[in-house]
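Worksheet for the structure shown next.
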Amino acid sequence: MRFAGVYLMLSGFAVAAYFILTAVIQADWELSVWEVIDWFMAAGALLALGIGWLQKREMESDGDSGLAHFITVNATFYAAAALFILFFWKWFAAVLFQNEDDSGVSWAALDVLYTLVAMGLGRRLWNNK
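Residue numbers for the sequence shown follow the working numbering, beginning at 27 and rising by one.
Put into C-alpha coordinates, the structure is as follows:
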(Lines of atoms letter the chains of each structure in order from A and count residues from 1; the text may use other names and numbers.)
(Lines give C-alpha, C1' and ligand atoms only; values in the text may rest on other atoms or scores of the structure.)
Protein backbone atom coordinates (compact mmCIF):
# COMPACT_ATOMS: atom_id res chain seq x y z
CA MET A 1 0.00 0.00 0.00
CA ARG A 2 2.96 2.33 0.44
CA PHE A 3 3.57 2.27 -3.32
CA ALA A 4 -0.02 3.38 -3.86
CA GLY A 5 0.54 6.13 -1.31
CA VAL A 6 3.64 7.35 -3.13
CA TYR A 7 1.83 7.28 -6.48
CA LEU A 8 -1.11 9.26 -5.09
CA MET A 9 1.11 11.83 -3.37
CA LEU A 10 3.31 12.35 -6.44
CA SER A 11 0.39 12.60 -8.85
CA GLY A 12 -1.45 14.93 -6.46
CA PHE A 13 1.63 17.13 -6.20
CA ALA A 14 2.08 17.14 -10.00
CA VAL A 15 -1.54 18.17 -10.55
CA ALA A 16 -1.31 20.93 -7.93
CA ALA A 17 2.03 22.22 -9.24
CA TYR A 18 0.95 22.33 -12.88
CA PHE A 19 -2.45 23.78 -11.94
CA ILE A 20 -0.68 26.67 -10.22
CA LEU A 21 1.83 27.05 -13.07
CA THR A 22 -0.93 27.33 -15.68
CA ALA A 23 -1.84 30.69 -14.16
CA VAL A 24 1.67 31.91 -14.97
CA ILE A 25 2.60 30.19 -18.24
CA GLN A 26 0.82 29.84 -21.54
CA ALA A 27 1.74 26.58 -23.25
CA ASP A 28 1.07 26.29 -26.97
CA TRP A 29 2.33 22.74 -27.39
CA GLU A 30 0.54 20.35 -29.70
CA LEU A 31 0.13 17.76 -26.96
CA SER A 32 -1.28 19.47 -23.95
CA VAL A 33 0.39 18.63 -20.66
CA TRP A 34 -3.10 18.19 -19.22
CA GLU A 35 -3.80 15.41 -21.73
CA VAL A 36 -0.88 13.48 -20.24
CA ILE A 37 -1.67 14.37 -16.63
CA ASP A 38 -5.28 13.24 -17.14
CA TRP A 39 -4.11 9.64 -17.65
CA PHE A 40 -2.30 9.73 -14.31
CA MET A 41 -5.35 11.33 -12.71
CA ALA A 42 -7.58 8.58 -14.14
CA ALA A 43 -5.38 5.90 -12.58
CA GLY A 44 -5.24 7.85 -9.31
CA ALA A 45 -9.02 8.33 -9.17
CA LEU A 46 -9.56 4.62 -9.74
CA LEU A 47 -6.90 3.75 -7.16
CA ALA A 48 -8.37 6.16 -4.58
CA LEU A 49 -11.87 4.77 -5.06
CA GLY A 50 -10.66 1.17 -4.79
CA ILE A 51 -8.57 1.79 -1.68
CA GLY A 52 -11.32 3.89 -0.12
CA TRP A 53 -13.81 1.08 -0.71
CA LEU A 54 -11.44 -1.54 0.74
CA GLN A 55 -10.81 0.60 3.83
CA LYS A 56 -14.53 1.21 4.29
CA ARG A 57 -15.29 -2.50 3.98
CA GLU A 58 -12.50 -3.37 6.44
CA MET A 59 -13.74 -0.78 8.92
CA GLU A 60 -17.31 -2.08 8.71
CA SER A 61 -16.19 -5.67 9.30
CA ASP A 62 -14.05 -4.68 12.31
CA GLY A 63 -17.02 -3.26 14.17
CA ASP A 64 -16.34 -0.43 16.62
CA SER A 65 -13.33 1.50 15.36
CA GLY A 66 -13.84 4.93 16.90
CA LEU A 67 -15.49 8.07 15.62
CA ALA A 68 -12.35 9.69 14.17
CA HIS A 69 -11.51 6.60 12.12
CA PHE A 70 -15.14 6.30 11.00
CA ILE A 71 -15.20 9.90 9.77
CA THR A 72 -11.80 9.64 8.08
CA VAL A 73 -12.62 6.44 6.20
CA ASN A 74 -16.09 7.58 5.13
CA ALA A 75 -14.96 11.07 4.09
CA THR A 76 -12.16 9.56 2.02
CA PHE A 77 -14.44 7.02 0.37
CA TYR A 78 -17.20 9.48 -0.54
CA ALA A 79 -14.74 12.16 -1.70
CA ALA A 80 -13.00 9.53 -3.86
CA ALA A 81 -16.37 8.38 -5.23
CA ALA A 82 -17.32 11.97 -6.12
CA LEU A 83 -13.92 12.51 -7.72
CA PHE A 84 -14.21 9.28 -9.73
CA ILE A 85 -17.70 10.04 -11.03
CA LEU A 86 -17.03 13.69 -11.89
CA PHE A 87 -13.59 13.09 -13.38
CA PHE A 88 -14.65 10.28 -15.71
CA TRP A 89 -17.84 12.08 -16.72
CA LYS A 90 -15.87 15.19 -17.65
CA TRP A 91 -12.94 13.30 -19.19
CA PHE A 92 -15.10 11.02 -21.37
CA ALA A 93 -17.11 14.02 -22.55
CA ALA A 94 -13.90 15.82 -23.51
CA VAL A 95 -11.98 12.90 -25.03
CA LEU A 96 -14.64 10.74 -26.65
CA PHE A 97 -17.20 13.33 -27.65
CA GLN A 98 -15.09 16.52 -27.86
CA ASN A 99 -17.78 18.10 -25.70
CA GLU A 100 -15.60 20.60 -23.88
CA ASP A 101 -16.98 23.65 -22.13
CA ASP A 102 -14.82 26.74 -22.36
CA SER A 103 -15.17 27.89 -18.76
CA GLY A 104 -12.56 25.58 -17.27
CA VAL A 105 -14.18 25.99 -13.86
CA SER A 106 -15.20 22.34 -13.64
CA TRP A 107 -11.66 21.19 -14.52
CA ALA A 108 -10.25 23.57 -11.92
CA ALA A 109 -12.58 22.13 -9.28
CA LEU A 110 -11.60 18.59 -10.31
CA ASP A 111 -7.90 19.44 -10.12
CA VAL A 112 -8.31 20.80 -6.59
CA LEU A 113 -10.47 17.84 -5.50
CA TYR A 114 -7.97 15.38 -6.99
CA THR A 115 -5.09 17.06 -5.17
CA LEU A 116 -6.90 16.95 -1.82
CA VAL A 117 -8.04 13.32 -2.16
CA ALA A 118 -4.76 12.02 -3.59
CA MET A 119 -2.47 13.83 -1.17
CA GLY A 120 -4.62 13.03 1.87
CA LEU A 121 -5.08 9.35 1.09
CA GLY A 122 -1.49 9.00 -0.09
CA ARG A 123 -0.16 10.46 3.14
CA ARG A 124 -2.36 8.16 5.20
CA LEU A 125 -1.22 5.11 3.20
CA TRP A 126 2.42 6.15 3.61
CA ASN A 127 2.05 6.52 7.39
CA ASN A 128 0.25 3.16 7.82
CA LYS A 129 2.96 0.54 8.05
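Ideal placement from N, C-alpha and C gives every residue a C-beta, glycine not left out.
DSSP places residue 137 in the helix class (H, G or I) of the three-state scheme.
Per DSSP, residue 63 is one residue of the alpha helix (DSSP H) stretching across 59-88.
Here the alpha carbon of residue 133 sits roughly 24 Å from the alpha carbon of residue 149. Here the alpha carbon of residue 95 sits roughly 43 Å from the alpha carbon of residue 52.
Cβ-Cβ separation between residue 105 and residue 143: approximately 5 Å, consistent with a contact (criterion under 8 Å).
In the DSSP annotation of this structure, the continuous segment of the alpha helix (DSSP H) that includes residue 35 starts and ends at 28-47. When the beta-carbon positions are compared, residue 110 and residue 71 come within less than 7 Å of each other. In terms of Cβ geometry, residue 62 and residue 81 do not form a close pair [threshold 7 Å].
Look at residue 132 here: in three-state DSSP terms it is helix.
Around the CB of residue 67, 16 or more other CB atoms lie within 10 Å, so the residue is classed as buried.
Residue 83 and residue 121 have their C-alpha atoms spaced approximately 33 Å apart.
Under the three-state reduction of DSSP output, residue 111 falls in the helix class. The C-beta separation of residue 38 from residue 102 comes to about 13 Å, leaving the pair out of contact by the 8 Å criterion.
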